[in-house]
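Some notes on the structure that comes next.
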Amino acid sequence: PRQNASEIFVAPESMFSFPLNEYPHLVRLWATVLQSEQHFLLGSVLKEQGRYFQAVFWLHMGLIKKIYVKKLLTPFVEKIPPSWKNYANLKGMFLHGFIEFDDSELASRADFFDIITGDSTLRIVPRICLEFFFTTRQDISAVSAGDRTTVVFHFVNDSWFNAPFKKILFNLSRLKAATLGVSVVWIGHDQLNTILF
Numbered sequence: 353p354r355q356n357a358s359e360i361f362v363a364p365e366s367m368f369s370f371p372l373n374e375y376p377h378l379v380r381l382w383a384t385v386l387q388s389e390q391h392f393l394l395g396s397v398l399k400e401q402g403r404y405f406q407a408v409f410w411l412h413m414g415l416i417k418k419i420y421v422k423k424l425l426t427p428f429v430e431k432i433p434p435s436w437k438n439y440a441n442l443k444g445m446f447l448h449g450f451i452e453f454d455d456s457e458l459a460s461r462a463d464f465f466d467i468i469t470g471d472s473t474l475r476i477v478p479r480i481c482l483e484f485f486f487t488t489r490q491d492i493s494a495v496s497a498g499d500r501t502t503v504v505f506h507f508v509n510d511s512w513f514n515a516p517f518k519k520i521l522f523n524l525s526r527l528k529a530a531t532l533g534v535s536v537v538w539i540g541h542d543q544l545n546t547i548l549f
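So the sequence shown is numbered by the working numbering: it starts at 353 and just counts up by one.
Okay, structure coming up:
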């Protein structure tokens with residue numbers, strides 16, 4: 353790496369499947385192996401006001417710098433859609449024994465992470481699994497800045513899927529990246545890939 357260039361380490365959606373904000377000792381522990389120019393972005397869970405959120409945490413220098421919260425949850429997997437809430441047996445079928453995630457607005461939520469990489473700043477736009485496929489060019493334009501390179505980091509829990517579906521999911525991500533006209537870093541449990549545009 354170049355002198356003063358940052359390195360970014362990543363881990364996929366739900367890599368740490370507990371509320372990371374309740375484990376500050378782990379944040380400090382991971383910092384012991386990271387140098388000052390190194391950053392760690394990982395998929396985890398945020399617990400705030402008794403609610404649980406799918407999230408991506410940006411760790412740097414032993415601190416949680418920013419948190420991105422998933423805005424669009426996967427129906428029947430992460431949350432029962434409101435119009436189906438009256439059917440009590442659905443929760444038993446799909447989320448038996450589990451707590452639903454929340455997708456309401458949080459004041460502490462970040463829409464992007466700006467990481468200085470040498471002489472420039474990289475604007476990372478996190479997207480978690482399903483919500484990437486509903487991202488529009490307008491969404492990317494709204495967070496882009498002319499003096500920064502914008503890249504989408506797509507955090508995925510692909511460990512649930514068999515090999516053919518994983519390939520389909522990745523190819524859909526490539527197609528979506530082309531539609532958006534933006535470079536994407538695919539961060540899965542089984543693979544890490546860069547889709548350049």
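Glycine included, each C-beta is placed from N, C-alpha and C at the ideal position.
Every value quoted in this text rests on a predicted model; they were computed, and no experiment measured them.
Taken in chain order, the unbroken stretches of alpha helix (DSSP H) that lie wholly in the segment 360-428 and span 4 residues or more are 376-383. Sixteen is the threshold: since fewer than 16 other Cβ atoms of the shown chains lie within 10 Å of the Cβ of Trp512, the residue is exposed. If you ignore the 5 residues before and after Leu544, its C-beta comes within less than 8 Å of the C-beta of Val362, Val537 and Trp538, all in its own chain and listed in chain order. Collapsing the DSSP output to three states places Thr473 in a strand. Rounded to whole angstroms, Gly540 and His506 show a C-alpha spacing of 8 Å. With a cutoff of 7 Å on beta-carbon distance, Gly395 and Pro364 are scored as near each other. Taking every protein chain shown into account, the CB of Ala529 has 16 or more other CB atoms within 10 angstroms, so this residue is buried.
Judged by DSSP secondary structure, Asn545 falls within the beta strand (DSSP E) whose first and last residues are Leu544 to Ile547. When the beta-carbon positions are compared, Tyr404 and Pro478 stay at least 7 Å from each other. Take Asp463, set aside five residues on each side of it, and the residues of its chain with a beta-carbon closer than 7 Å to its own are Val495, in chain order.
Here the alpha carbons of Val534 and Phe486 stand approximately 14 Å from one another.
The C-beta distance from Ser369 to Val397 rounds to 6 Å, short enough to fall under 8 Å.
Under the three-state reduction of DSSP output, Phe464 falls in the coil class, being neither helix nor strand. Of the other Cβ atoms in all chains shown, 16 or more fall within 10 Å of the Cβ of Asp510; this residue is therefore buried. Membership of Phe505 in any alpha helix (DSSP H) is not indicated; the residue belongs instead to the beta strand (DSSP E) covering Thr501 to Phe507.
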